[in-house]
Every structure is written in structure tokens, then in C-alpha cells.
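S.K.: Please find one structure pasted underneath; my questions will follow.
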Amino acid sequence: MTGPDTSWDVTGGPDGVPGRAPSDVDMNQVWLGVAAQVWRRRPDLPERLAGRLLRSPGLARALVVTPSLLLAWVIASAVVLAAGTAATLGTGTPYVALLAPAVAGTGIAYAYGPGIDPAWELSRSMAISDRMVLLVRALAVFALNAGLGLVASLASGAAAAVTFGWLVPMTAVSALALAVATVARSANVGVVAGLGGWTITVLSGRAASGQFTAAVTSSALVLPYLVVAAACGAIAWCATRIPRGTP
Amino acid sequence: MNVQITEVTRRFGRTQAVAGVSLETGPGVFGLLGPNGAGKTTLLRMMATVVPPSSGSMRLLGRDPGSYASRKEIRRRLGYLPQNLGYYPGFTVAEFVEYFALLKEMPAGQVPRAVAAAVERVDLGGKARAKLRTLSGGMLRRAGIAQAIVNDPELLLLDEPTAGLDPEQRMVFRGLLRDLGQRSTVVVSTHLVEDVGAACSQVAVMNEGQVVFHGTPADLTARGEGTGAAGDAPLERGYSSVLAAARSSLAARS
Chain U
367 MTGPDTSWDV TGGPDGVPGR APSDVDMNQV WLGVAAQVWR RRPDLPERLA GRLLRSPGLA
427 RALVVTPSLL LAWVIASAVV LAAGTAATLG TGTPYVALLA PAVAGTGIAY AYGPGIDPAW
487 ELSRSMAISD RMVLLVRALA VFALNAGLGL VASLASGAAA AVTFGWLVPM TAVSALALAV
547 ATVARSANVG VVAGLGGWTI TVLSGRAASG QFTAAVTSSA LVLPYLVVAA ACGAIAWCAT
607 RIPRGTP
Chain A
150 MNVQITEVTR RFGRTQAVAG VSLETGPGVF GLLGPNGAGK TTLLRMMATV VPPSSGSMRL
210 LGRDPGSYAS RKEIRRRLGY LPQNLGYYPG FTVAEFVEYF ALLKEMPAGQ VPRAVAAAVE
270 RVDLGGKARA KLRTLSGGML RRAGIAQAIV NDPELLLLDE PTAGLDPEQR MVFRGLLRDL
330 GQRSTVVVST HLVEDVGAAC SQVAVMNEGQ VVFHGTPADL TARGEGTGAA GDAPLERGYS
390 SVLAAARSSL AARS
């Protein structure tokens, strides 16, 4: 124990020696009160805002410790998209539109799962369900990446069809990465699936139309993207249910 | 009764991890003994609502963990230390304990004091602000115990809690177990017979997914008397005797 030795004489003598605690004071409780204040963690602004928005300090804490929402990760994502912006401005090819879904898919795969959360087993016994944590983290990572992507896309001066065209494929790529990461219980596998799926789609679009941007500008692909996103979302939902036995 | 388990089974593919276990226990310290692979961890994981049973029924703290609302309420009042507890290396001890206090939906205003109390109870006050990556294995285990008791749980499930603790810490921990068992139901899975003898009021021995003995440590000791069973202490001889009988019974049936 680092607290006070409760065997100390804290009764205070009849001479009223200053500094001695009155007999009805539990020094152990006093120490706990002090320790609670000294060790108390002060939530930062994003956590306080998330706590108010989500109405749950626990969910807010689970959100702000998401690996792909940590500052270093966000900076890395911004740097990749900034490089894409520079390449777009330099070459005229809308690299931002092709990079944004890949960056978002990678972030989503690293948002949640046994490969990401060291105390995964313990987390699954908590009152705040892991499904809720998954949902909140995935939405937050998606929203952040959508914001970064839009800024990069606008900065690169892309046409409106390209600027907003990648939002739907980004949803599909993110859902694919999340579903695979959840089922395979590995963020890396999720990243490979998301990036692989997106690369195949982009190259297929180019082969079919001769344009790099076909994967984000073709209206014929919107429905397939949405179907993939919905199916992958359902897979992730099922994969995070409490597993049933096999009687 | 805080734990009521009736004919519970759990299969993983072709493996029958738990095969028809029935147990009831109220406040006190309940020891689960058994060799590796006996089904202790799976039984504890079912009680922790991490995995559901394949068949049979469970009631924990008077509730059915099969329904979402009841499961959530059970989890608020549950403490769980898994056998393989992962750690967030960048967290301090206090942050680690606080994280799980929040995930257990403790009122935010009560969390700092509860964290301080839990950290002090496991004698980690001097390391409260140390990063987990700097701690020894025994200290990490104690941090794990602190998160399990931070919400003053009514049902505390501990899987091999003394693994990695030095002898002095094990003695202190047994005292903590006895103290917690005054008000809560504490289920301790272990393969260390002396932990059971020192801290538990009831004990069950598991083998091949089944409970082959249920009684007090004194009853278990009595089962070893005059049998010539292996073991350095009377309780160990009782444990060996029960296991030997269970194994020969299984062999005769097969």
C-alpha cells in the first residue's frame, strides 16, 4: 500500500496536538479520496464532446482509443491524401478519388476487432456491447475519412462527379474491409481484402472503359456498390453476434 | 443463489468442452479445480456471458443471460478476469482500470474513487501512473484483478488469478478473495490446490467437461484419506483420488 499506514495513531491526544486527525476520520478513506483526485484522468475535448454526443462516457472512451482515430494515424491519412492532391494537380489524373476509398477501408479495418483490441475477450463481457463499440468506431472513422477525402478532392479541383463519386465506392470498400477483418479476426486481412477489392474494381473499370476514373464516375456501378456495402454490413453484424453453440 | 446452472453443455465443433454441468452457488468463494482441458475456462466464459451454452439453462444474479437486457444488467454487476488478459501497453494502471469501469457503465462520478480503491486493494498504488508495458507479469495480473473488482461485483469470475504472483502476493490475494466472498459470489478457476484450500468455502472438481466432485475442501480432503493417492498435502491427495476415480469410471464406460 502506498496509502497511510492505518495502524498509525490518528486519534489525537488530549493535549490536542496539531496535525493529528480526529478519531472519527478514516485515514484510509481520506487517502482514497486524495488518490482518486491525483490519479484521475482528465478527458480531452474530443472525448468530452463524444461523451455528450453519445451520452455514454464509456462509449466515448472506447471511441477515442480507436487506433485509426489516433493523431498519428489521422496525420498519416492526411499526408497520403495530400500527396494524392499534389499528384492530381500535377498529372490531371484524379488520384484523390482513387486513394480516398483505400485510405478509408484501411482505417475501418483497424477500427475494431480481436487483432486490434488486446483485451478483446474481456471487452466482450462488458455492459457496453462490442457491437455498439464497432458501430460507433466504424461510423467515426468513416466520417473522418470522408471529410479528409472531400477536402483533398476539392483542393485538387476535381469535377463534381469525381469529387462526390467516390463516396459510394468508399462505403463499399470500407464495408468489405470491416466484414473481412471481423470474420477473419485480423485487421491486416481486412486491409488486404479492401485494397485488393478496390484495386480490382479500378483496373476492371479502366479495362472496360479506358478511363481510370470509371470506378468512381460510372453511374452503373452505384447499385452494385450499395449491394456490396449492405451485404458486407450484414456479414459484420452477424460476425459480432454472441456465437451460438452447436448442440 | 447468484449462480444457477442446469445441465449446461458447450460444444466447439466436434469438441465437447462442457458436458452437462449443474451447479448452484451463493455468496462465498467457489473453487473450480481440474486438469488442463477439463472445461473450467469454458464454464467460466459462459458465466461471464462471453459464450452462450449449447444447451441447458443458466441464471446469473437471478437473471437469464440469454436476453439482451438481462445480459447487460448482469455485465454491469460482473467482474471477470480471463485466463489470457490482453493489455493496452500505452495505458497506465489507473487508465486501464478506469477504461473497464466505464465500459461496465459505472456512474462517471464514482469512477475515480472506485479506481483508486481497486488499485490499492491489489497493492498497486505505487504503480498507478506507470505504463502497463513497464510492469512485471505479476503486476499485470494484479492490474487485471483490479479491473475485475473495480465495480464491486456481485459475481466475480477469476480464471487462474494467481498465475504469475509471487508467494507473498498469493497470500495477500487469498485474503482479498476471502474478503470479497463475504458479500459476493466469487468463482475461481485454478489448478493450484493450495489456493482452494486456503480461500474457498466450496469446491468442484472438473474432468472431461463434467463435474466429478462438489463439496467443501474438507470433503475433498476426506476423499483422499487412506487411498494412497498421490500428493504432498491432504487436499492434493483428495484431488488426485477424485480424479483417479473419475478417470477409471470413464475408462470402464468406454
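Residue numbers (my numbering), protein chains in the order written: chain U, 367 to 613; chain A, 150 to 403. All C-beta atoms, glycine included, are put in the ideal place defined by N, C-alpha and C.
Determine the chain U residues that contact A/T198 at a beta-carbon separation under 7 Å, and present them in chain order.
M.R.: Sequence index remark: in the second sequence, residue 198 of chain A carries index 49 (1-based). Against A/T198, the close residues of chain U are S491, in the order they occur along the chain (beta-carbon pairs closer than 7 Å).
S.K.: Assess contact between the segment 345–364 of chain A and the segment 174–192 of chain A, defined as three or more Cβ pairs (one per stretch) separated by less than 8 Å. Is contact present?
M.R.: yes
S.K.: Kindly list, in the order they appear in chain U, the residues whose Cβ is closer than 9 Å to that of A/R372.
M.R.: Position 223 of the second sequence, counting from 1, holds the residue named residue 372 of chain A. In chain order: nothing, as chain U lies at least about 32 Å away.
S.K.: So does the segment 594–610 of chain U actually touch the segment 287–306 of chain A, counting three or more Cβ pairs closer than 8 Å?
M.R.: The segment 594–610 of chain U is not in contact with the segment 287–306 of chain A.
S.K.: A/F249 and U/L488 - do their beta-carbons sit closer together than 9 Å?
M.R.: Position 122 of the first sequence, counted from the first residue, corresponds to residue 488 of chain U. Position 100 of the second sequence, counted from the first residue, corresponds to residue 249 of chain A. Contact: yes.
S.K.: Verify whether the separation of the beta carbon atoms of A/R327 and A/D344 is less than 9 Å.
M.R.: Along the second sequence, one-based indexing puts residue 327 of chain A at 178. Along the second sequence, one-based indexing puts residue 344 of chain A at 195. Cβ distance not < 9 Å, so A/R327 and A/D344 don't count as in contact.
S.K.: Alpha carbon to alpha carbon, how far is A/L252 from U/V502?
M.R.: The residue you call residue 252 of chain A lines up with position 103 of the second sequence. The residue you call residue 502 of chain U lines up with position 136 of the first sequence. Their Cα atoms are separated by approximately 14 Å.
S.K.: Give the C-beta separation of U/A559 and U/G571 to the nearest angstrom, bearing in mind that I take them to be a contact with Cβ-Cβ under 8 Å.
M.R.: Here residue 559 of chain U refers to the residue found at position 193 when the first sequence is read from its first residue. Here residue 571 of chain U refers to the residue found at position 205 when the first sequence is read from its first residue. So it is not a contact: roughly 19 Å between Cβ atoms.
S.K.: Per DSSP, which one or two residues make a beta bridge with A/I154?
M.R.: For the purposes of this step, residue 154 of chain A is taken as residue 5 along the second sequence, with counting starting at 1. For A/I154, which the question treats as bridged, DSSP gives the partners A/L172 and A/M207.
S.K.: Do three or more CB pairs link the segment 200–213 of chain A to the segment 150–169 of chain A at distances below 8 Å?
M.R.: Look at the beta carbons and you see the segment 200–213 of chain A touching the segment 150–169 of chain A: at least three pairs across the two are nearer than 8 Å.
S.K.: So is U/W374 in contact with chain A if we call contact Cβ pairs under 9 Å?
M.R.: Here residue 374 of chain U refers to the residue found at position 8 of the first sequence. With a pLDDT of only 41 at U/W374, under the threshold of 50, the placement of this residue in the model should not be trusted, and no figure is reported.
S.K.: Could you name the residues that DSSP lists as bridge partners for A/G375?
M.R.: Locating residue 375 of chain A in the second sequence gives position 226, where the first residue counts as 1. Beta-bridge pairing by DSSP links A/G375 to no other residue.
S.K.: Taking A/G313 as the query, report the chain U residues whose CB atoms sit under 8 Å from its CB, ordered along the chain.
M.R.: In the second sequence, counting from the first residue as 1, residue 313 of chain A sits at position 164. Those within 8 Å of A/G313 in chain U number zero; the least Cβ separation is about 16 Å.
S.K.: In the DSSP assignment, find the unbroken beta strand (DSSP E) run with A/F179 in it and report its ends.
M.R.: Looking up residue 179 of chain A in the second sequence gives position 30. Per DSSP, A/F179 belongs to the beta strand (DSSP E) from G177 to L182.
S.K.: Counting Cβ pairs closer than 8 Å, one from the segment 534–545 of chain U and one from the segment 591–598 of chain U, do we hit at least three?
M.R.: These segments touch.
S.K.: Over the uninterrupted alpha helix (DSSP H) stretch that includes A/N233, give me the two end residues.
M.R.: Position 84 of the second sequence, counted from the first residue, corresponds to residue 233 of chain A. No alpha helix (DSSP H) holds A/N233; DSSP gives it neither H nor E.
S.K.: Taking its Cβ as the centre, do 16 or more other Cβ atoms sit within 10 Å of U/V391, making it buried, or is it exposed?
M.R.: In the first sequence, residue 391 of chain U corresponds to position 25, counting from 1. Counting of Cβ neighbours within 10 angstroms places U/V391 among the exposed residues, the total staying below 16.
S.K.: Can you tell me whether DSSP reads A/D308 as helix, strand or coil?
M.R.: What you label residue 308 of chain A is simply residue 159 of the second sequence in a count that begins at 1. It is a strand residue.
S.K.: How would you write the range of the alpha helix (DSSP H) that A/F362 sits in, first residue to last?
M.R.: For this step, residue 362 of chain A is matched to residue 213 along the second sequence. Looking at the DSSP string, A/F362 is not in any alpha helix (DSSP H); the run it does join, the beta strand (DSSP E), is Q359 to G364.
S.K.: Are the Cβ atoms of U/R421 and U/P409 separated by less than 9 Å?
M.R.: As a first step, residue 421 of chain U is located in the first sequence; it is residue number 55 there, counting from the start. As a first step, residue 409 of chain U is located in the first sequence; it is residue number 43 there, counting from the start. Against a cut-off of 9 Å, the Cβ pair of U/P409 and U/R421 comes out as no contact.
S.K.: Could you compute how far the alpha carbon of A/M288 sits from the alpha carbon of A/T311?
M.R.: Taking the first residue of the second sequence as 1, we reach residue 288 of chain A at position 139. Taking the first residue of the second sequence as 1, we reach residue 311 of chain A at position 162. Distance between the alpha carbons of A/M288 and A/T311: 11 Å.
S.K.: Measure how close the beta-carbons of A/L281 and A/P231 come, nearest whole angstrom, since I'm counting them as under 8 Å.
M.R.: Numbered from 1 along the second sequence, position 132 holds the residue referred to as residue 281 of chain A. Numbered from 1 along the second sequence, position 82 holds the residue referred to as residue 231 of chain A. A/L281 to A/P231, Cβ: 16 Å. No contact.
S.K.: Under 8 Å between beta-carbons, which chain A residues line up against U/Q403? List them in chain order, please.
M.R.: Reading the first sequence from its first residue, position 37 is the one you call residue 403 of chain U. What U/Q403 touches in chain A: P261.
S.K.: Enumerate in chain order the residues of its own chain whose CB-to-CB distance from A/H363 is below 6 Å, with the five nearest sequence positions on each side excluded.
M.R.: Translated into positions along the second sequence, residue 363 of chain A becomes position 214. Taken in chain order, the residues that qualify are A353.
S.K.: Quick one: what does DSSP say A/F161 is sitting in, helix, strand or coil?
M.R.: Here residue 161 of chain A is taken as the residue at index 12 of the second sequence, counted from 1. In this structure, A/F161 counts as strand in the three-state DSSP scheme.
S.K.: Determine the extent of the beta strand (DSSP E) in which A/N356 is found, giving its start and end residues.
M.R.: As a position in the second sequence, residue 356 of chain A is number 207, starting the count at 1. Taken as a continuous stretch (DSSP letters only), the beta strand (DSSP E) holding A/N356 covers Q351 to N356.
S.K.: Examine chain A for any beta-carbon lying closer than 9 Å to the beta-carbon of U/G399, and answer yes or no.
M.R.: As a position in the first sequence, residue 399 of chain U is number 33, starting the count at 1. Yes, U/G399 counts as interfacial toward chain A.
S.K.: What is the DSSP secondary structure of A/R212, reduced to helix, strand or coil?
M.R.: Here residue 212 of chain A refers to the residue found at position 63 of the second sequence. Strand at A/R212.
S.K.: Just how far apart, CA to CA, sit A/L392 and A/A378?
M.R.: What you label residue 392 of chain A is simply residue 243 of the second sequence in a count that begins at 1. What you label residue 378 of chain A is simply residue 229 of the second sequence in a count that begins at 1. One C-alpha to the other measures close to 10 Å.
S.K.: Could you please tell me which residues of the segment 171–193 of chain A, in chain order, have their CB closer than 9 Å to any CB of chain U?
M.R.: Within the segment 171–193 of chain A, no residue has its Cβ closer than 9 Å to any Cβ of chain U.
S.K.: Rounded to whole angstroms, what's the CA-CA distance from U/T372 to A/V271? Just pull it up for me.
M.R.: Here the question's residue 372 of chain U lines up with position 6 in the first sequence. Here the question's residue 271 of chain A lines up with position 122 in the second sequence. Per-residue confidence for U/T372 stands at a pLDDT of 43, beneath the threshold of 50, marking its modelled position as unreliable; no derived number is given.
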